[in-house]
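Chains as they are written, first to last, in full-length UniProt numbering: chain A, 1 to 650; chain B, 1 to 697. Where is the CB? At the ideal position from N, CA and C, for every residue including glycine.
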Amino acid sequence: MAAGRKITAKIKKTLPVTGPQAPTLGELMRWYCLNTNTHGCRRIVVSRGRLRRLLWIALTLSAVALILWQCAELVLGYYSASVSVTVRFQKLRFPAVTICNINPYKYSVIKEYLSELDKETRSALESLYGFSEGKPKVRRDAEDRNATAYQYLEKVPLLRFEDLTRKEATDLHSGHKRKIESNIFHKGSTNIGDPQNMIGFQLCDPNNSSDCAVYTFSSGVNAIQEWYKLHYMNIMAQIPLERKVNMGYSADDLLLTCFFDGLSCDTRNFTPFYHPLHGNCYTFNSGENGTILSTSTGGSEYGLQVVLYIEEADYNPFLVTSTGAKIIIHDQNEYPFIEDIGTEIETATATSIGMHFTESRKLSEPYSDCTESGADINVENLYNKTYSLQICLHSCFQKAMVDHCGCAQYAQPLPAGAEYCNYKKHPSWMYCYYKLHEKFVKEQLDCQQKCKEACSFKEWALTTSIAQWPSTASEDWMLRVLSWDKGQKINKMLKKTDLANLMVFYKDLNKRFISENPANSIVILLSNFGGQLGLWMSCSVVCVIEIVEVFFIDSLSIIMRRRWQKTKKWWNSRKAKQSRAPAPGTGPGKQGHDNPACIDEDLPTFNTALRLPLPQENHLPRTPPPNYSTLRLDTTFTEQLPDTLETESR
Amino acid sequence: MLRNNSLCMGQRRDLPVHKSLHEAARHVQACIGGVCCWELLRLLSPELILRREDSHLKGGAAKVEKMPQEESMRQCKQGAQHQQKHEEVPEKAEEKHEGLIEFHNSYRELFQFFCSNTTIHGAIRLVCSKKNKMKTAFWSVLFFLTFGLMYWQFGILYREYFSFPVSLNLNLNSDRLTFPAVTLCTLNPYRYSAVQKELDELDRITHQTLMDMYNYNMSVTQSDWAAQYTHKRSSRSLFHYVQRHPLRRHKRDNPAIVEENNPPVDKSDWKIGFLLCNEKSDDCFHQTYSSGVDAVREWYSFHYINILARMPSTKDLDESNFESFIYACRFNDVTCDKANYTHFHHPIYGNCYTFNDDNSSLWTSSLPGINNGLSLVVRTEQNDFIPLLSTVTGARVMVHNQNEPAFMDDGGFNIRPGIETSISMRKEMTLRLGGSYSDCTEDGKDVPVQNLYLSHYTEQVCIRSCFQLNMVKRCGCAYYFYPLPSGAEYCDYTKHIAWGYCYYKLQAEFKADILGCFRKCRKPCKMTEYHLSAGYSRWPSALSEDWVFHMLSQQNKYNITSKRNGVAKLNIFFEEWKYKTNGESPAFTVVTLLSQLGNQWSLWFGSSVLSVAELAELILDFVVITCILSFRWLRAWHETASTMSPPGGHDNTDFQSEVSGPSTPHRFTVEAVVTTLPSYNSLEQCESNRDAEMGLE
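Rendered as structure tokens:
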């Protein structure tokens with residue numbers, strides 16, 4: 001019994017741990033309002049008059065609401081970024097410049113692979129438009145017609161559509177009409193020119209011949225080129241890489257002169273780079289040998305100056321229709337997407353390209369949805385270069401291609417374990433590719449969702465200007481000297497339409513650096529919080545802690561205590577039915593026990609010290625000034641508790 | 001009283017340190033602001049000393065001796081408080097009947113209540129330390145100083161806010177971009193053969209003038225128009241009007257004298273121009289050009305406009321044959337069709353085709369790059385151009401936003417024949433905030449210029465509309481190149497004789513911004529720009545030339561006269577998906593302003609909006625109490641006046657009777673208020689006493 005009492009006493013002592021030990025919630029609130037530093041509260045208690053009090057309650061509550069609203073606004077606006085633009089004059093690293101001839105392979109060399117295809121193309125042109133390049137060829141064609149079957153035209157026949165509504169087409173090769181039962185995909189819905197002139201081709205699923213897609217083109221030029229390209233890719237996919245590199249232009253072929261930063265340079269400064277569609281390209285300043293060149297000053301004199309030899313006579317007539325070179329300016333770590341965003345260089349002109357360098361950096365999560373390194377993107381980077389959105393999209397498409405069609409598209413790098421499509425092995429790949437590409441365009445492949453942009457990127461804004469080159473006065477000697485330079489390999493004069501002069505230079509050495517910075521720091525946020533709290537209620541963090549303490553911990557403890565008392569009362573009253581005698585004994589007995597325990601355990605804090613005037617308190621309960629230090633008052637209440645309890649129970 | 005004393009003693013034994021520390025803590029908590037710092041220092045220093053003594057001595061007695069003065073103070077305080085308490089006890093029951101609004105009985109009570117309960121720092125000191133004159137002065141100086149400082153800071157903050165600062169933010173977005181509208185013009189307004197009939201006489205006069213001035217015989221279609229010349233001789237009208245504006249050349253130094261052609265004079269001394277006069281021909285000036293080519297072209301187009309304006313409908317003249325201009329069209333590897341373009345006719349640039357103008361089905365590139373853009377093969381043949389009007393060959397292309405009119409002379413790009421032009425685009429958007437932040441307009445509705453174009457608002461649209469409206473107002477007719485306002489007609493010198501004079505005058509004013517067009521037309525808040533850069537390559541290549549031309553001639557009935565100059569290829573594509581958005585965001589929002597104000601307020605006064613409400617309440621109370629008191633006084637005076645009793649003696653009794661009567665609740669409230677006070681008051685007094693003590697020491 002004694003042990004139990006001790007425990008209950010201990011519990012009682014420890015239960016109201018801190019703060020005011022007011023007996024009721026009302027008292028607690030009153031205490032809080034009188035003592036808190038938060039403005040408004042005190043007025044609620046102190047004001048006289050119901051309306052006045054109500055007004056103050058409303059004011060205080062609205063101040064609290066305003067604080068919450070404004071702070072929420074601050075938090076919501078926290079993740080905003082501000083942009084700083086710095087323009088710095090510094091020695092700039094020269095970017096990598098990749099130069100390609102528009103024509104991928106020397107036609108004279110690659111002819112052996114393409115002769116069959118070219119022959120068929122010519123015959124198609126002849127039957128379509130009555131075009132022939134000369135009599136001897138026609139004769140040869142006539143001879144060949146009997147001998148060999150047209151394997152390419154057979155595979156993907158070129159069709160002429162008389163009337164699209166009738167779904168009838170003429171096979172150009174055999175000449176007889178065939179019915180198009182399949183759903184017509186024809187790219188571009190309605191015809192523009194004469195219905196007779198609609199040219200297209202049909203791609204069928206070999207397993208299911210009724211599942212076909214027909215592609216029509218408004219212009220025969222486009223149709224022929226597209227058709228040719230389709231077969232060309234098939235053929236090229238079968239040729240081993242070394243052979244293809246050998247068939248392309250060597251650096252000595254392409255580059256006649258080279259000047260950089262006022263100093264002469266040569267082919268050793270160029271790194272070869274093989275591009276599936278453009279053949280051999282050469283990258284100046286690729287940084288492969290570890291050094292990256294930089295220019296000492298801006299201006300065309302101090303940039304890269306090259307004269308390119310574009311051998312127009314050795315061009316593939318069907319694959320490429322324009323003459324010139326393509327260049328792209330990119331960072332050393334970037335992959336040159338030359339077929340997409342390369343700039344063309346015209347022959348017989350001097351093209352000067354002025355650059356302006358801008359570097360941008362974005363903030364990644366949570367400020368914006370971009371990726372730092374691309375490592376968090378669920379798409380394998382097939383290119384051996386740093387991540388960019390383009391790389392991601394191409395890789396994603398290639399991956400889907402391998403998954404769906406079983407082979408890889410020729411224009412993009414090969415994923416591990418896959419091989420390029422050719423219709424010897426993959427007879428249905430073309431159909432599959434066109435379908436897939438359509439899906440890709442319509443964003444059904446999910447690539448656009450998967451790929452995120454990179455957070456930092458460099459760009460070179462280009463300004464192009466062109467001039468006639470060489471001038472009529474200088475043409476003579478210049479061509480003669482260049483021909484001599486070119487050496488004895490070609491014992492002929494160069495023509496000016498075979499040459500292109502290119503200058504790439506920094507317009508100025510100012511680097512524009514655009515970077516995003518967090519607009520808010522935690523310090524600013526906190527100080528703004530402080531401002532809001534101070535403005536409306538003159539509150540502080542301590543006030544907030546106080547509120548938490550009073551409204552949650554203390555109120556809860558009071559409620560708990562109340563509960564405990566009630567149950568105890570109930571228990572007592574049940575016990576009292578048996579005997580009323582022990583009830584009065586509990587109060588003093590407990591007090592007697594309580595005090596020594598306090599003395600034993602506690603240091604003389606003010607809690608214990610305040611117990612001294614207690615005996616007098618019993619006589620005159622209201623003597624201690626309750627409003628002075630309410631803490632004192634509250635302690636007295638706890639001590640009183642058993643007494644009040646008893647009186648209540650009685 | 002004795003009990004009280006002992007209680008005080010008991011308290012004193014161990015309380016002071018805690019109490020005062022507690023107070024100190026409260027002060028620290030409350031006064032992080034500027035005012036309290038001094039106070040805090042003062043408060044803390046004696047306490048710390050006290051505490052040290054306490055810990056040394058451990059006994060209470062020594063300390064009681066040490067501070068008898070304070071002790072006695074406290075006792076008396078407690079005593080007084082106690083007495084009040086005693087008085088209060090019986091009234092407690094009645095206190096529950098609280099009035100709706102209760103007022104204080106006197107100003108003194110009101111101020112006492114206010115200064116003991118207010119939360120404005122410094123105010124307490126100011127009023128409650130009134131016992132000490134020095135202190136009051138000191139505190140009032142401090143109070144007003146901080147008050148001034150705070151309002152100075154407030155002023156700075158307000159000025160910053162109302163200057164509406166914006167911070168530039170630059171977003172680097174990447175989306176699938178919708179392709180912009182692309183307008184392509186033939187650079188030839190009409191087929192020469194179609195309009196020759198109308199232009200015949202003008203051409204003849206021009207030829208004559210050229211012959212006279214430059215000895216140049218333009219004998220292209222000599223026989224042709226010579227034949228017509230004879231039978232059209234009767235219609236002298238045009239000749240008459242053309243003669244009003246003769247093309248002349250004169251020496252630079254004396255431009256007024258009209259010279260006869262004088263070949264031996266050095267060419268650079270001459271200026272070419274034409275005469276423009278007002279209706280009465282009393283005010284004339286020469287529109288002069290340094291180059292004869294410019295002068296002849298300008299002069300010719302001036303007359304050309306007049307002729308066009310007279311023609312009833314130009315629609316039947318323009319040849320909107322899509323296929324004869326655009327031979328091949330692809331977008332994103334898909335063939336374009338009729339649904340993808342709209343046609344309009346421009347009087348200078350000819351037939352213009354706008355691709356991707358239809359808002360319902362806009363093109364989007366699947367990828368950036370040349371294969372996923374727009375690719376066109378266009379005819380640039382020049383055999384049927386109007387020789388004096390079109391001096392350029394090729395085609396003109398412009399990239400613009402949908403819903404924006406294509407101003408070909410503003411943002412065009414010429415395409416060379418025989419060349420493949422690859423134009424790469426970079427998109428850039430500018431978003432301004434509008435409102436009071438920057439001077440821009442959302443949709444142009446708030447711009448005082450009527451939009452004559454059937455398109456969205458742009459700055460160019462506005463400026464042109466503004467000029468046209470001014471033209472109609474000043475010259476009575478509309479300029480032919482701009483759209484017609486309702487109720488106006490195009491200028492034509494058969495009807496409006498002096499419009500040329502008026503036009504050139506107006507244009508000079510327009511350029512000097514006397515018309516105010518540039519001021520009136522504000523920038524749109526949302527602008528999209530496309531930065532173009534071009535690459536060129538020779539097309540078709542020598543080897544593919546044959547079959548390409550052959551196919552074009554077969555398919556498009558293209559008769560090759562001058563092979564290379566007859567066609568051009570054009571590619572327009574996005575260079576990248578990234579695009580920049582130059583945005584603005586308010587640098588100083590209401591939320592930050594409030595935060596800053598709160599910061600300042602807390603710093604100097606530790607007060608809040610609620611403190612202001614307290615002040616407002618004080619003022620209201622003050623007014624009400626004044627009313628009540630004056631009302632009472634009035635009534636009292638009235639009553640005394642009615643009873644005719646001596647005013648001095650009666651006043652007091654009256655007051656008393658009133659107090660006992662209706663104003664009993666007032667009394668209670670006063671007492672109730674007083675009961676709550678001591679906690680503060682006593683403290684203040686004690687403190688002030690202590691302060692005094694310190695001062696003594």
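Rounded separation between residue i and residue j - CA only
i	j	result
Leu-61 (chain A)	Leu-597 (chain B)	20 Å
Gly-130 (chain A)	Glu-112 (chain A)	25 Å
Tyr-232 (chain A)	Thr-371 (chain A)	37 Å
Ile-419 (chain B)	Thr-321 (chain A)	11 Å
Thr-283 (chain A)	Ala-237 (chain A)	24 Å
Tyr-387 (chain A)	Ala-213 (chain A)	35 Å
Ser-555 (chain A)	Leu-526 (chain A)	29 Å
Closer than 8 Å at the beta carbon, the chain A residues around residue i
i	result
Glu-575 (chain B)	Ile-341
Asn-351 (chain B)	Within 8 Å Cβ-Cβ: nothing; Asn-351 (chain B) doesn't reach chain A, min ~16 Å.
Leu-594 (chain B)	Gln-70, Gly-531, Gln-532 and Leu-535
Chain-ordered neighbours of residue i on chain B, where CB pairs are closer than 9 Å
i	result
Phe-217 (chain A)	Ala-328, Arg-330 and Thr-335
Gly-290 (chain A)	In chain order: nothing, as chain B lies at least about 29 Å away.
Glu-453 (chain A)	Leu-172, Asn-173, Ser-174, Trp-577 and Lys-578
Identity of the residue in the options nearest residue i by Cα
i	options	result
Ser-607 (chain B)	A:Arg-30, A:Tyr-249, A:Glu-242 and A:His-39	A:His-39
Gly-370 (chain B)	A:Ile-338, A:Ser-538 and A:Ser-352	The sequence shown places Ile at residue 370 (chain B), not Gly. Comparing Cα-Cα distances from Ile-370 (chain B) to each of A:Ile-338, A:Ser-538 and A:Ser-352, the minimum goes to A:Ile-338.
Gln-478 (chain A)	A:Ala-519, A:Leu-462, A:Ala-416 and A:Leu-499	Here the sequence assigns Met to residue 478 (chain A), which means Gln is not the residue at that position. Of A:Ala-519, A:Leu-462, A:Ala-416 and A:Leu-499, the residue nearest in Cα terms is A:Leu-499.
Ser-116 (chain B)	A:Phe-94, A:Leu-51 and A:Ser-47	A:Ser-47
Tyr-335 (chain A)	A:Ile-292, A:Pro-413 and A:Tyr-78	A:Pro-413
Ala-313 (chain A)	A:Leu-436, A:Lys-496, A:Gln-448 and A:Lys-385	A:Lys-496
Ile-341 (chain A)	B:Cys-352, B:Cys-277 and B:Pro-368	B:Pro-368
Ser-428 (chain A)	A:Ala-461, A:Gln-202 and A:Gln-70	A:Gln-202
Tyr-289 (chain B)	B:Ser-281, B:Asp-282 and B:Glu-298	B:Glu-298
residue 700 (chain B)	B:Ile-423, B:Leu-199 and B:Ala-181	Outside the shown range of chain B, which is 1 to 697, sits residue 700 (chain B), and nothing can be said about it.
Leu-142 (chain B)	B:Ser-360, B:Asn-188 and B:Trp-604	B:Trp-604
Interface residues of chain A facing residue i [CB-CB closer than 7 Å]
i	result
Ile-415 (chain B)	The premise fails here: Ile-415 (chain B) is roughly 13 Å from chain A at the closest Cβ pair, so nothing lies under 7 Å.
residue 699 (chain B)	The first residue shown for chain B is 1 and the last is 697, placing residue 699 (chain B) beyond what the model contains.
Residues that DSSP places opposite residue i in a beta bridge
i	result
Val-188 (chain B)	Contrary to the premise, residue 188 (chain B) reads as Asn rather than Val in this sequence. DSSP output for Asn-188 (chain B) lists B:Gly-350 as bridge partner(s).
Val-567 (chain B)	B:Arg-379
Asn-169 (chain B)	B:Gly-583
Thr-335 (chain B)	B:Arg-330
Ile-305 (chain A)	Reading off the sequence shown, one finds Gln at residue 305 (chain A), where the question assumed Ile. For Gln-305 (chain A), which the question treats as bridged, DSSP gives the partners A:Phe-259 and A:Met-503.
Pro-351 (chain A)	The question names Pro, but residue 351 (chain A) is Thr in the sequence shown. DSSP, once it has assigned bridges, lists A:Ile-466 and A:Leu-502 as partnering Thr-351 (chain A).
Thr-283 (chain A)	A:Thr-98 and A:Thr-271
Leu-515 (chain B)	According to DSSP, which records beta bridges pairwise, Leu-515 (chain B) is partnered with nothing at all.
Contacts that residue i makes with chain B (C-beta to C-beta distance below 7 Å)
i	result
Lys-229 (chain A)	None at all; the shortest Cβ gap to chain B is about 11 Å.
Leu-393 (chain A)	Leu-367
Contact set between residue i and chain E, taken where Cβ atoms lie within less than 8 Å
i	result
Ile-328 (chain A)	The chain inventory of the structure shown lacks chain E, comprising the protein chains A and B.
Inset, instruction - Could you please tell me which residues of the segment 330-348 of chain A, in chain order, have their CB closer than 9 Å to any CB of chain B? - result: Against chain B - using a Cβ distance shorter than 9 Å - the residues of the segment 330-348 of chain A are Phe-337, Glu-339, Asp-340, Ile-341, Gly-342, Thr-343, Glu-344, Ile-345, Glu-346, Thr-347 and Ala-348.
Legend entry - Short-range partners of chain B found in the segment 462-474 of chain A, where Cβ spacing is below 9 Å: Listed by position, the residues of the segment 462-474 of chain A near chain B (Cβ gap below 9 Å) are Leu-462, Thr-463, Thr-464 and Ile-466.
Legend entry - Proximal residues, the segment 111-125 of chain A versus chain B, C-beta separation under 9 Å: When C-beta distances to chain B are compared with 9 Å, the residues of the segment 111-125 of chain A below that value are Thr-121, Arg-122 and Leu-125, in chain order.
Inset, instruction - Please name the residues in the segment 37-52 of chain A whose beta-carbon is closer than 7 Å to at least one beta-carbon of chain B, in chain order. - result: Residues of the segment 37-52 of chain A with a C-beta atom less than 7 Å from some C-beta of chain B are Asn-37, His-39, Gly-40, Arg-42, Arg-43, Val-46, Arg-48, Gly-49, Arg-50, Leu-51 and Arg-52, listed in chain order.
Legend entry - Residues from the segment 287-320 of chain A in contact with chain B, defined by Cβ distance under 8 Å: Within the segment 287-320 of chain A, Glu-312, Ala-313, Tyr-315, Asn-316, Pro-317, Phe-318 and Val-320 place their CB atoms closer than 8 Å to a CB of chain B, listed in sequence order.
Legend entry - chain A contacts made by the segment 622-636 of chain B, where a contact means CB separation under 7 Å: If the cut-off is 7 Å between Cβ atoms, the segment 622-636 of chain B has nothing near chain A.
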